[in-house]
Amino acid sequence: MKYCLAVDIGASSGKVMLGQLNSDRLLLREIHRFDNQLIYKNGHYCWDIQSLFQEIKTGVKKCQQLGISPSTIGIDTWAVDFVLLDENDQLITDAIAYRDPRTDGMMEKVLSIISKEKLYGITGIQFQKFNTIYQLYAVKEQDPEWLKRAQHFLMLPDYLHYLLTGVKVNEYTNATSTQLVNVLSQNWDHEIISKLGINQRIFGEIKQPQTILGTLQKELVKEFGFDMEVILPASHDTASAVISVPSTEDTIYISSGTWSLMGVVNDLPICSTEAMEMNFTNEGGINGQYRFLKNIMGLWMIEEVRRNFGHAYSYTDFMKMASQFPDFQSLVHVDDPRFLKPENMVEEIQAYCRETNQQVPIHPGEIAKCIYDSLVDCYENTVNELETILGREFKTIHVIGGGSQNHLLNQKLADKTRKEVYAGPIEATAIGNLLVQMLAIGEIDDVNKAKHIIKNSFELKTYFPAKEFKEER
Ligand code: LFR
Numbered sequence: 001m002k003y004c005l006a007v008d009i010g011a012s013s014g015k016v017m018l019g020q021l022n023s024d025r026l027l028l029r030e031i032h033r034f035d036n037q038l039i040y041k042n043g044h045y046c047w048d049i050q051s052l053f054q055e056i057k058t059g060v061k062k063c064q065q066l067g068i069s070p071s072t073i074g075i076d077t078w079a080v081d082f083v084l085l086d087e088n089d090q091l092i093t094d095a096i097a098y099r100d101p102r103t104d105g106m107m108e109k110v111l112s113i114i115s116k117e118k119l120y121g122i123t124g125i126q127f128q129k130f131n132t133i134y135q136l137y138a139v140k141e142q143d144p145e146w147l148k149r150a151q152h153f154l155m156l157p158d159y160l161h162y163l164l165t166g167v168k169v170n171e172y173t174n175a176t177s178t179q180l181v182n183v184l185s186q187n188w189d190h191e192i193i194s195k196l197g198i199n200q201r202i203f204g205e206i207k208q209p210q211t212i213l214g215t216l217q218k219e220l221v222k223e224f225g226f227d228m229e230v231i232l233p234a235s236h237d238t239a240s241a242v243i244s245v246p247s248t249e250d251t252i253y254i255s256s257g258t259w260s261l262m263g264v265v266n267d268l269p270i271c272s273t274e275a276m277e278m279n280f281t282n283e284g285g286i287n288g289q290y291r292f293l294k295n296i297m298g299l300w301m302i303e304e305v306r307r308n309f310g311h312a313y314s315y316t317d318f319m320k321m322a323s324q325f326p327d328f329q330s331l332v333h334v335d336d337p338r339f340l341k342p343e344n345m346v347e348e349i350q351a352y353c354r355e356t357n358q359q360v361p362i363h364p365g366e367i368a369k370c371i372y373d374s375l376v377d378c379y380e381n382t383v384n385e386l387e388t389i390l391g392r393e394f395k396t397i398h399v400i401g402g403g404s405q406n407h408l409l410n411q412k413l414a415d416k417t418r419k420e421v422y423a424g425p426i427e428a429t430a431i432g433n434l435l436v437q438m439l440a441i442g443e444i445d446d447v448n449k450a451k452h453i454i455k456n457s458f459e460l461k462t463y464f465p466a467k468e469f470k471e472e473r
């Protein structure tokens, strides 16, 4: 069977994963792993996009050293971030990151041009100050000459795919996160774009996952010693991850990583006033489906706390230390924008607790505990919101991604929501990326078969709600 290569880059690390089918099992092998982080450059928080591309090349070369030449490759990253290219296809800007404060106040400005109801009605996308639409508006206000020079707008995976192939397209699932795509036509919404006064010409053709983009540029073929087909996966990492939920029929999922994305898969978008007020999104999925979900601040908070403690503790250490402290002692509202990019996460959490007259967590384990409890609290509220909007109850929650390894969080989730929690697969995003490549080249016939392969290949852990769960406060 053919080898496929998934490049999955998250906000804190990236990996190159090799996949191969062996009858109905997906064999997964990590080829290369690297760190990713925000860098401060030219007055903005940025991603080092060139070094990310070098890491992708390193991953491919490691395959070569192992004597493996994959047939296909596809890249996914987080959403909303983009680059602008000039008429010579050169970068006009650094890849400025969504946590950069350039978007402060931009949502309010955009909403004075297009009403909130109209924008939600057209796009079905949640309101987050860092969405591409507000980033583009920030460019328009702060660096208008960039937009004047721009010929092409590419999301980050689109740009990385372009570096591999020389072909410039906008992949659909990621494009929806811009808040510029019409939820029904699944294409750029020209009315919104023109109302913002942004040139339509920069937006390219939207292509669906499974599109075969082309082969590698000649220099790369020389460098690697082999060619590959470049295939568009669901290039928004969350869209790839959701593909790995073994069955999306009757379950709520949480894609757990830097963010916790909690929701369901729907055949039709829900753009009701209720959904807008609860700030749910209808992001694009594969096969024309919608990821109806909500962004919850997620493990970013613990990633930052770890950084604040000089990486002295691992995530497992935090989990172990946290379990020694009582439940629900202090809670923070995880979705408060103050936690998006504070100077110091530990101090921000402590300040929040002080201001709200709660016990101030001091010990690293106590701080971790406060984060886990607050996340679970938010998950529970989100379950209630989802069940209200959808008018039905769910019996299970499926946690996928790196965060699904947090036993403490999984058990708390089961206890608090009184639902069964299934955890895994850990590498959900890379798996979803690989499955779409395999669908594109006919290694897998359809999505049902892909789901069967996931069930057959990865072991899931089950957490039952504790019989006697009493909330302490
Ligand atoms: C998760 C994710 C979310 C998106 C956020 C910012 O990695 O892609 O889905 O809202 O990052 O791009």
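Using full-length UniProt numbering, read the sequence shown as starting at 1 and increasing by one per residue. We put the CB at the ideal spot given by N, CA and C, even for glycine. No experiment lies behind these values; they were computed from the predicted model shown.
Checking the DSSP bridge columns, you'll see G19 partnered with C4 and L28. If only complete runs of 4 or more residues are kept, the segment 108-168 shows the alpha helix (DSSP H) at 116-123, 132-142, 144-149 and 156-165, in order along the chain. L293 has its Cβ no nearer than 6 angstroms to any heavy atom of ligand 1. Per DSSP, N199 lies in no alpha helix (DSSP H) and is assigned neither H nor E. Looking at T93, E249 and K2, the one whose alpha-carbon comes closest to that of R392 is E249. Closest by C-alpha distance to Y98, out of E191, P337 and G67, is P337. Remark: fewer than three beta-carbon pairs, one from each stretch, lie closer than 8 angstroms, so the segment 223-236 and the segment 400-420 are not flagged as touching.
Put simply, the backbone Cα of E117 is about 49 angstroms away from that of K61. Relative to ligand 1, even the nearest heavy atom lies 6 angstroms or more away from the CB of D35. DSSP, read as helix, strand or coil, puts N295 in strand. The C-beta distance from E283 to S71 rounds to 29 angstroms, too long to fall under 8 angstroms, and the pair is not in contact. Beta-bridge pairing by DSSP links G263 to Y253 and L293. As DSSP reads the structure, T215 sits in a beta bridge with E229. Excluding residues up to 5 positions away in sequence, T123, I125, N131 and I133 lie with their Cβ nearer than 6 angstroms to the Cβ of Q179 in the same chain.
In the DSSP assignment, E283 falls within the unbroken beta strand (DSSP E) covering T281 to G284. Between the segment 33-51 and the segment 87-104 there are three or more inter-stretch CB-CB distances shorter than 8 angstroms, so the stretches are counted as touching. When distances are taken from the beta-carbon of L434 to the heavy atoms of ligand 1, even the shortest one reaches 6 angstroms or more. Y98 sits in coil when the DSSP states are folded into three classes, being neither helix nor strand. Going by DSSP, A11 is part of no alpha helix (DSSP H) at all; its letter is neither H nor E.
Exclusion of the five residues before and after Y313 leaves R306, M321 and P364 as the residues of its chain whose Cβ lies within less than 8 angstroms of its Cβ. The beta carbons of D8 and N406 sit no closer together than 7 angstroms. Within the same chain, and ignoring the five residues on either side of C370 in sequence, the residues whose Cβ sits closer than 8 angstroms to its Cβ are Q329, S330, L331, V332, I349, C353 and P361. Of the candidates I389, I444 and I92, the residue whose Cα lies closest to the Cα of P144 is I92. Here DSSP, grouped into helix, strand and coil, assigns K62 to helix. When the beta-carbon positions are compared, H398 and Y379 stay at least 7 angstroms from each other. I49 sits in a helix when the DSSP states are folded into three classes. In this structure, the straight-line span from the alpha carbon of K195 to that of I296 is close to 30 angstroms. The three-state secondary structure of G74, taken from DSSP, is strand.
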